[in-house]
Amino acid sequence: MPDDLSLLTPDLSSLGWSSKLDQWSGDAPTKGRIARTTRGYCLVFTGGEAILAASSFVRTGTDIAPSTGDFVTVIQDEENGPMIGQIAERQTSLARRAPGRVPSPQVLAANVDDVFVMHGLDRPLNLRRLERQLVIAWESGATPFVLLTKADEVRHHEEAEETIERIAPGVETLAISTVTGQNLERIRDRFTGSRTIALIGLSGIGKSTLVNELSDGVVQRTGEVRASDRRGRHTTVTRDLIPLPTGGIVIDTPGIREVGLWQAHSGLAKTFPEIDVAVPHCKFANCDHSAEPGCAVQGARMDGLISERRLAHYKELQAELDLQDEQLSDFAKRAESRDKADADRRVDGERRRKSKKGKGRGKRR
Ligand SMILES: Nc1nc2c(ncn2[C@@H]2O[C@H](COP(=O)(O)OP(=O)(O)OP(=O)(O)O)[C@@H](O)[C@H]2O)c(=O)[nH]1
Ligand SMILES: [Mg+2]
Ligand SMILES: [Zn+2]
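Quick note: the sequence shown uses the numbering used here, first residue 282, plus one each step.
Below you can see the structure in the form of structure tokens.
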């Protein structure tokens, strides 16, 4: 992001602010859209200026952490200066499971219309990762697209395109190159008005290079990939919302290797539509699509309508999501009983205090 932030702060409506949000925010003096979050602070584009607001959500009265793309109100705190006030309900939310043992979500971008799932043609296709990325993209509520970058680096990309068409039914796939300009016009055409598009994919595949291309200038830093294994250097480290000079808004994200799913049952169904249509026809509602009698999914597999690999991956992801549901409900139960134990302890303590008081009085008399 350039130092001169004023270049990047169009008026509120170009940032996607709607009349509905006007109603929601009421007479809040300052409102805007989060362009970046860093530890404890958010950069908020308020239409005309960019301000840094503290984002301690303990104080903001909401229980969610603000994310890039959120529409917010900003309040003036006497002690802390500008602070995030309220966060508007998200229309869409691109989230993954945060890395770590305890299940929790990490929102990568809020209120996006499209998600560009990007893969670099300079490296082998990883179908499992791509399917995971598609699950989180579908789950967000936005429309996923697959972009194959660096088309100039390979002689034939048709094979990769065909493979992806097979594993991403109903998802538009496009090979692009920022070197030759291939298909960039078609990408540019998608950015109109306040349409917001998030870019996700591994480090080094050219997300920030595409942002610069669309911006007609250098707004994001880019980095070389390591020649030996094509690994990127994690050049982008924050999730950045960038309004484009010709309209539309792009959200650039740091490269992610681990794509953990976060409560994504509907995203899973949309990523594997050929399996999802068969599921309701299984004889048993709790069919695990292995060897149960009357399993429509196995039937479709035998008819060649579902691939063995896809089915295996679907089941694996389904099991991962089921386990997450169990863990979350366990956590909720434990928290509930902890709360109850705390409350009981408070009542007990209160009782003891009262009875002590009573005894004390008795003695004095
Ligand atoms: N040949 C070729 N190289 C490209 C293309 N697009 C990007 N690159 C190169 O790929 C490298 C990585 O590009 P970046 O834009 O930094 O990648 P990124 O996806 O933003 O990476 P992170 O920020 O680390 O997640 C740079 O050396 C770019 O010049 C392309 O279309 N063709
Ligand atoms: Mg980058
Ligand atoms: Zn079945």
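We put the CB at the ideal spot given by N, CA and C, even for glycine.
Values in this document were obtained by computation on a predicted structure and should not be read as measured data.
Listed in chain order, the non-local C-beta contacts of Glu453 below 7 Å within the same chain comprise Phe426, local neighbours out to five positions each way being set aside. Closer than 7 Å to some heavy atom of ligand 2: that does not describe the Cβ of Gln414. Across the set Trp305, His515, Ser496 and Asp510, the C-alpha of His515 shows the shortest separation from the C-alpha of Gly504. DSSP places Gln579 in the uninterrupted alpha helix (DSSP H) bounded by Ala577 to Met583.
By a beta-carbon distance limit of 8 Å, Pro384 contacts Gln605. Their separation comes to about 6 Å. Assigned with DSSP and collapsed to three states, Gln372 falls in coil, not helix or strand. In chain order, Val396, Val398 and Pro425 place their CB closer than 6 Å to the CB of Ala418, counting only its own chain and leaving out the 5 sequence neighbours on each side.
Here the C-alpha atom of Gln414 lies approximately 18 Å from the C-alpha atom of Gly381. For the beta strand (DSSP E) assignment, the uninterrupted runs of no fewer than 3 residues enclosed by the region 427 to 491 are, from N- to C-terminal side, 454 to 456 and 477 to 481. When only Cα atoms are considered, Leu592 and Ile448 end up about 11 Å apart. Per DSSP, Asp358 lies in no alpha helix (DSSP H); the unbroken beta strand (DSSP E) holding it starts and ends at Phe352 to Asp358.
Asp303: member of the alpha helix (DSSP H) spanning Ser300 to Ser306, first to last residue. DSSP, reduced to helix, strand and coil, places Thr516 outside both helices and strands of the structure shown, so it counts as coil. Counting along the chain, the unbroken beta strand (DSSP E) around Leu522 starts and ends at Asp521 to Pro524. When the beta-carbon positions are compared, Gly474 and Gly528 come within less than 8 Å of each other. Counting of Cβ neighbours within 10 angstroms places Asp533 among the buried residues, the total reaching 16 or more. Taking C-alpha positions only, Met364 is separated from Asp292 by approximately 21 Å. Lys431 is a Cβ neighbour of Gly401, given a cutoff of 8 Å.
Each of Glu359, Val353 and Glu360 was checked against the Cα of Glu370, and the nearest Cα belongs to Val353. Here Pro380 carries a coil assignment [DSSP, helix/strand/coil].
In this structure, DSSP gives Thr503 a state outside helix and strand, which the three-state scheme calls coil. The closest CA to that of Gly536, considering only Ser547, Lys551 and Arg520, is found on Arg520. Relative to ligand 2, Thr517 has its C-beta within less than 7 Å of a heavy atom. Contact between Ile315 and Asp351 holds: CB atoms are separated by about 5 Å, below the 8 Å threshold. The Cβ atoms of Ala390 and Ala479 sit closer than 8 Å to each other. When DSSP states are grouped into helix, strand and coil, Val393 belongs to the coil group.
Annotated three-state conformation of Ile417 is helix, per DSSP. DSSP places Ile556 in the helix class (H, G or I) of the three-state scheme. With fewer than 16 other Cβ atoms inside 10 Å of its own Cβ, Ala613 counts as exposed.
Val416 and Ala545 have their C-alpha atoms roughly 7 Å apart. Remark: the shortest separation between the CB of Val396 and any heavy atom of ligand 1 does not fall under 7 Å.
Bridge partners of Cys323 according to DSSP: Thr318 and Ala334.
When the Cα atoms are used, Asp433 and Pro526 turn out to be separated by approximately 26 Å. For Ile532, the enclosing beta strand (DSSP E) has its first and last residue at Ile530 to Asp533. His570 has its CB nearer than 7 Å to a heavy atom of ligand 3. The region 573 to 584 and the region 543 to 563 touch, with no fewer than 3 CB-CB distances between them shorter than 8 Å.
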